[in-house]
Amino acid sequence: MPWTLHGDGRTVASDAIVRPEERLSWPRTLGFGAQHVVAMFGATFLVPVITGFPPTTTLFFSGVGTMLFLALNRNRLPSYLGSSFAFIAPIGAAMGDHGMGAALFGILVTGVLLAVVGAVVAATGTRWIDILMPPVVTGAIVALIGFNLGGAATSNFAEAPWIATLTLVTICVVAAAFRGMLARLSILVGVVVGYVATALAGDLDFTAVRAADWVGLPEFSTPTATWSIVPMFLPVVFVLVAENVGHVRSVAHLVGDSSINDRTGTALLADGVATSLAGLGGGSATTTYGENIGVMTATRVFSTAAYWVAGVAAVLLSLSPKFGALLNTIPPGVLGGVTVALYGLIGLIGVKMWVDNGVDFSKPVNQFPAAAALIIGIGDLTLNAGDMTFTGITLGTVAAIGLYHGMVLLGRLRGDEDRASS
């Protein structure tokens with residue numbers, strides 16, 4: 011769908027917005043696209059650096075996935091598909107036991123399942139998702155995924171505590187002392203400050219950077235069918251569903267167009283296809299990015315043309331092996347400072363879901379599923395059944411869904427509607 015020019019293409023009235031199907035002049039569109047690149051970059055490059063995936067490959071599939079998402083949604087739904095933090099724990103476990111091919115297989119399977127969910131939602135609507143995953147369940151799943159990663163964050167922090175502390179403090183200061191775009195980029199600023207401090211201390215090795223080419227294709231890899239790791243990845247499907255549904259509803263609300271909610275199924279399908287492609291080629295899984303919603307909220311420019319610019323820019327960045335080698339020099343201390351904040355924030359997003367939806371924790375039907383799920387996830391309870399491994403995230407997700415619906419059913423059988431409602 012071609013974009014229509016908003017007004018004269020140069021100005022936007024204070025009470026107006028640039029709608030998804032509109033655009034400003036191309037020079038201004040390029041500028042807004044650059045803002046989206048900056049907003050997504052801090053989180054998108056961190057995931058492959060943390061998991062050991064090639065950063066340039068992740069950037070490549072992030073850009074390709076974004077353009078695919080826009081095309082499948084006919085330029086009606088603005089979104090950037092960046093790296094999903096929800097995959098860090100299962101990727102780490104799969105990489106440790108079976109290697110990168112197995113981790114890619116988990117990403118591929120997750121993407122296919124998400125695409126199937128998207129097709130079902132497109133045909134039936136989202137009501138069944140709301141029933142299966144009420145706010146108390148969704149919040150618990152998101153929270154336990156973030157808190158489950160706490161051990162990995164503190165391990166990196168302990169490797170270089172002073173650099174990690176500097177990085178963490180910088181993030182907090184920037185987020186508190188500044189407003190607008192700079193505040194949204196506090197993670198990226200923290201990485202830069204910690205990185206420079208490490209370089210000044212003489213603790214960085216640029217040998218690989220000097221040896222890398224300026225221009226070249228990303229490092230592509232293929233998945234290896236390893237069914238035993240699939241249970242570790244299945245809970246992430248619920249998180250991706252929640253993220254995509256929330257993204258679509260947020261954009262519909264901000265634009266003031268409820269018809270955008272009709273794109274929910276296509277959004278899930280598109281993210282599933284993008285994630286599957288990443289799994290097939292060696293990139294990190296994708297998800298819709300809240301950071302870029304923040305940019306749209308601040309600028310009131312929702313044009314999907316700007317997202318096409320961001321997608322193309324990500325692909326171009328991915329074509330520099332030297333750039334990828336530079337990203338791989340980020341030291342553990344810096345990652346420790348960043349991830350102590352980031353993983354905690356992921357956990358708090360789940361808590362925020364409870365608060366925003368008014369979940370009543372005086373009711374046992376909400377208390378016990380959330381409590382059990384969090385402890386199982388944080389403690390990383392791990393059980394084995396033959397070749398299959400079930401981690402804390404998997405078991406915590408099962409506990410949240412199973413206990414909640416089991417308690418609701420018992421409440422209804424007893425005729426106790428208060429116990430049967432959340």
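Each residue of the sequence shown is one higher than the one before, counting from 11 in my numbering. We put the beta carbon where it would ideally sit given N, CA and C, even for glycine. Keep in mind the model is a prediction, meaning the values are calculated, not measured.
For this session: Have a look at V305 and H46 and give me their C-alpha separation to the nearest angstrom.
Result: Looking up residue 305 in the sequence shown gives position 295. Looking up residue 46 in the sequence shown gives position 36. Here the alpha carbons of H46 and V305 stand approximately 7 Å from one another.
Exercise. So, is E169 buried or exposed, given that buried needs 16 or more other C-beta atoms within 10 angstroms?
Worked result: In the sequence shown, counting from the first residue as 1, residue 169 sits at position 159. With a threshold of 16 other beta carbon atoms within 10 Å, E169 falls short and is exposed.
For this session: Assign G402 to buried or exposed, taking buried as 16 or more other Cβ atoms, counted over all protein chains shown, within 10 Å of its Cβ.
Result: For the purposes of this step, residue 402 is taken as the residue at position 392 of the sequence shown. Of the residues assessed, G402 falls on the buried side of the cut-off, its CB having 16 or more other CB atoms within 10 angstroms.
Problem set entry | Among H415, A351, L355, nearest to T177 - alpha-carbon criterion | To locate residue 177, count along the sequence shown from 1; it is residue 167. Distance from the Cα of T177 is smallest, within the candidate group H415, A351, L355, for A351.
Exercise. When we look at the beta-carbon of N254 and count the other beta-carbons within 10 Å, is it buried (16 or more) or exposed?
Worked result: Taking the sequence shown and counting its residues from 1, one reaches residue 254 at position 244. Burial call: buried.
Problem set entry | Paired residues, beta bridge with A395 - DSSP | To locate residue 395, count along the sequence shown from 1; it is residue 385. Answer is M398, bridged to A395.
Problem set entry | Three-state secondary structure (DSSP) of V311 | For the purposes of this step, residue 311 is identified with residue 301 of the sequence shown, where counting begins at 1. Annotated three-state conformation of V311 is strand, per DSSP.
Exercise. Since F51 and V325 are thought to touch, with beta carbons under 8 Å apart, how far apart are those beta carbons, to the nearest angstrom?
Worked result: Taking the first residue of the sequence shown as position 1, residue 51 is located at position 41. Taking the first residue of the sequence shown as position 1, residue 325 is located at position 315. With a Cβ gap of about 13 Å, F51 and V325 do not count as contacting.
Exercise. My guess is that G204 and G347 are in contact by the Cβ rule of under 8 Å, so how many angstroms apart are they, rounded?
Worked result: Numbered from its first residue, the sequence shown carries residue 204 at position 194. Numbered from its first residue, the sequence shown carries residue 347 at position 337. Between G204 and G347 the beta-carbon gap is near 6 Å, inside 8 Å, which marks them as a contact.
For this session: Tell me whether L15 sits in a helix, a strand or coil according to DSSP, three-state version.
Result: Within the sequence shown, numbered from 1, the residue matching residue 15 stands at position 5. L15: strand per DSSP, three-state reduction.
Exercise. When DSSP builds the beta bridges, which residues end up paired with T298?
Worked result: Against the sequence shown, residue 298 aligns to sequence position 288. DSSP output for T298 lists L91 as bridge partner(s).
For this session: Compute the beta-carbon to beta-carbon distance between T120 and V246, rounded to the nearest angstrom, for a pair I have assumed lies under 8 Å.
Result: As a working note, residue 120 is residue 110 in the sequence shown. As a working note, residue 246 is residue 236 in the sequence shown. Indeed, because the Cβ distance is near 5 Å, the residues count as touching under 8 Å.
Exercise. According to DSSP, what are the bridge partners of E32?
Worked result: In the sequence shown, residue 32 corresponds to position 22, counting from 1. Per the DSSP secondary-structure output, E32 pairs in a beta bridge with T14.
Exercise. Does DSSP put S24 in a helix, in a strand, or in coil?
Worked result: Working through the sequence shown from its first residue, we reach residue 24 at position 14. If DSSP states are grouped into helix, strand and coil, S24 belongs with coil.
For this session: Sort P144, T134, S24, L15 by Cα distance to V365 and report the nearest one.
Result: For the purposes of this step, residue 365 is taken as the residue at position 355 of the sequence shown. For the options P144, T134, S24, L15, the alpha carbon positioned closest to that of V365 is the one of P144.
Problem set entry | Identity of the residue in L327, V361, G62 nearest A103 by Cα | Residue 103 sits at position 93 when you count from the first residue of the sequence shown. Considering only alpha carbons, the answer is G62.
Problem set entry | Proximity below 8 Å, CB of L87 to CB of V258 | The residue you call residue 87 lines up with position 77 of the sequence shown. The residue you call residue 258 lines up with position 248 of the sequence shown. Taking 8 Å as the Cβ cut-off, L87 and V258 qualify as a contacting pair.
For this session: Could you pull out every unbroken beta strand (DSSP E) segment of at least 3 residues lying fully inside the stretch 92 to 152, listed in chain order?
Result: Qualifying beta strand (DSSP E) stretches: none in this window.
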